[in-house]
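The structure appears below as structure tokens.
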Ligand SMILES: [Zn+2]
Ligand SMILES: [Zn+2]
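In the working numbering, the protein residues as written are 35 to 352.
So this is what it looks like as structure tokens:
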């Protein structure tokens, strides 16, 4: 099959990979559209060691699901953590933190920049009929955006600041806007802020922080300075949710966290069903984030495009 291959921080297209053979409990999925995420770019930069097919955001059609014929020919999206189901962490119900997990296109499991991918059937979610592929392909990052609402209670009227208006910040902001909180998104460049303003979300330049006002600040910048901005924005006994990962370390004075009793919450992958539901309700529309689409044959160029400073979502038709 055709696939994008990452090895030694270099990407190349391969035609010689075999179509994957699903293990017991797994489905074979024909990938339709895949999205390039910052995590993919960080993999290429060597943030994690990974050799194989990258990619974890996708929508596709099940070609084969031994033992689960009801999934055949269904259009699906898929959760990215494949848990062992047996370790103490899994038995405690924290499957996305399984110590022995593989992660689609990130840890020990070939990803979705390929014609085909295999994934456990229990990871699959059917895409509602009529939902466009270019919406469904955003299920994974939107689920990640919704994860913070599983962790932190957001009430109507709460003062919430999202730091960063890029791909992740946009989805976090749209999901938060649906709660009725008093939301403001801070960003550096005008174009992504304009996309949010078009949806009626209040925006400001990054230097426009109102110090110590926010009940909740969400860090989505993808760089180490974001945490300090969030710290300045949040009120005493407020909460900071960290959504973005980045290379390098945040140099930050921790004393204010103690003195102001600030809660720090790390937040990663989230629930798929609420993400599909929020698309179906129309509360989140990710399509304005799509900046370019490339065929799989040009996936190396697609990655170069996605790595341009300020690039929004680049999709690959597989
Ligand atoms: Zn991602
Ligand atoms: Zn496990």
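For every residue, glycine included, the Cβ atom is placed at its ideal position computed from N, Cα and C. Predicted model, so just to flag it, every value in this text is computed and none were measured.
Heavy atom of ligand 1 within 8 Å of residue i beta-carbon
i           : result
residue 74  : yes
residue 91  : yes
residue 71  : yes
residue 175 : yes
residue 178 : yes
Inter-residue Cα distance where the pair is residue i and residue j
i           : j           : result
residue 162 : residue 106 : 15 Å
residue 57  : residue 108 : 19 Å
residue 348 : residue 70  : 6 Å
residue 274 : residue 100 : 44 Å
residue 346 : residue 192 : 28 Å
residue 185 : residue 299 : 8 Å
residue 307 : residue 112 : 11 Å
residue 118 : residue 256 : 30 Å
residue 127 : residue 121 : 10 Å
residue 214 : residue 53  : 46 Å
residue 94  : residue 67  : 7 Å
residue 259 : residue 284 : 7 Å
residue 289 : residue 272 : 15 Å
residue 344 : residue 176 : 19 Å
residue 173 : residue 291 : 33 Å
residue 167 : residue 157 : 18 Å
residue 38  : residue 139 : 11 Å
residue 104 : residue 154 : 14 Å
residue 325 : residue 226 : 11 Å
residue 73  : residue 125 : 28 Å
residue 233 : residue 206 : 13 Å
residue 152 : residue 160 : 16 Å
residue 254 : residue 195 : 10 Å
residue 320 : residue 217 : 18 Å
residue 169 : residue 83  : 30 Å
residue 182 : residue 86  : 30 Å
residue 204 : residue 114 : 21 Å
residue 350 : residue 79  : 20 Å
residue 141 : residue 89  : 11 Å
residue 251 : residue 123 : 29 Å
residue 187 : residue 180 : 11 Å
residue 36  : residue 97  : 16 Å
residue 76  : residue 46  : 16 Å
residue 209 : residue 247 : 21 Å
residue 309 : residue 230 : 18 Å
residue 305 : residue 130 : 10 Å
residue 164 : residue 116 : 28 Å
residue 280 : residue 301 : 14 Å
Closer than 9 Å to chain C by CB, residue i
i           : result
residue 111 : Among the protein chains of the structure shown there is no chain C, as only one such chain exists.
Cβ-heavy atom distance, residue i to ligand 2, below 8 Å
i           : result
residue 123 : yes
residue 133 : yes
residue 303 : no
residue 254 : no
residue 57  : no
residue 129 : yes
residue 142 : no
residue 326 : no
residue 118 : yes
>> Using a Cβ distance threshold of 8 Å, determine whether the region 306 to 313 contacts the region 322 to 337, with at least three qualifying pairs required.
In response: no
>> Three or more C-beta pairs under 8 Å: does that hold for the region 141 to 157 against the region 52 to 71?
In response: yes
> Of all the alpha helix (DSSP H) runs that stay within the bounds of the region 211 to 283, which reach a length of 4 or more residues?
Replying inline: 224 to 232, 259 to 267
>> Quick check for students: name the residue ranges of the beta strand (DSSP E) that lie wholly in the region 282 to 308, counting only runs of 3 or more.
In response: Listed in chain order, the complete beta strand (DSSP E) runs (minimum 3 residues) inside the region 282 to 308 are 297 to 300.
> With a cut-off of 8 Å, do at least 3 Cβ pairs link the region 326 to 335 to the region 193 to 211?
Replying inline: no
> So, do the region 263 to 273 and the region 288 to 299 have three or more beta carbon pairs nearer to each other than 8 Å?
Replying inline: yes
> Is the region 217 to 228 in contact with the region 239 to 246, if contact means three or more CB pairs nearer than 8 Å?
Replying inline: yes
>> Check whether the region 123 to 143 and the region 316 to 330 touch, using three or more Cβ-Cβ pairs below 8 Å as the test.
In response: Between the region 123 to 143 and the region 316 to 330 there are fewer than three C-beta pairs closer than 8 Å, too few to call the two in contact.
> Unbroken beta strand (DSSP E) runs of length 3 or more, entirely within the region 47 to 121: which are they?
Replying inline: 60 to 70, 91 to 98, 109 to 112
> Which ranges does the beta strand (DSSP E) cover as unbroken runs of at least 3 residues, wholly within the region 109 to 192, from first to last along the chain?
Replying inline: 109 to 112, 150 to 154, 158 to 160
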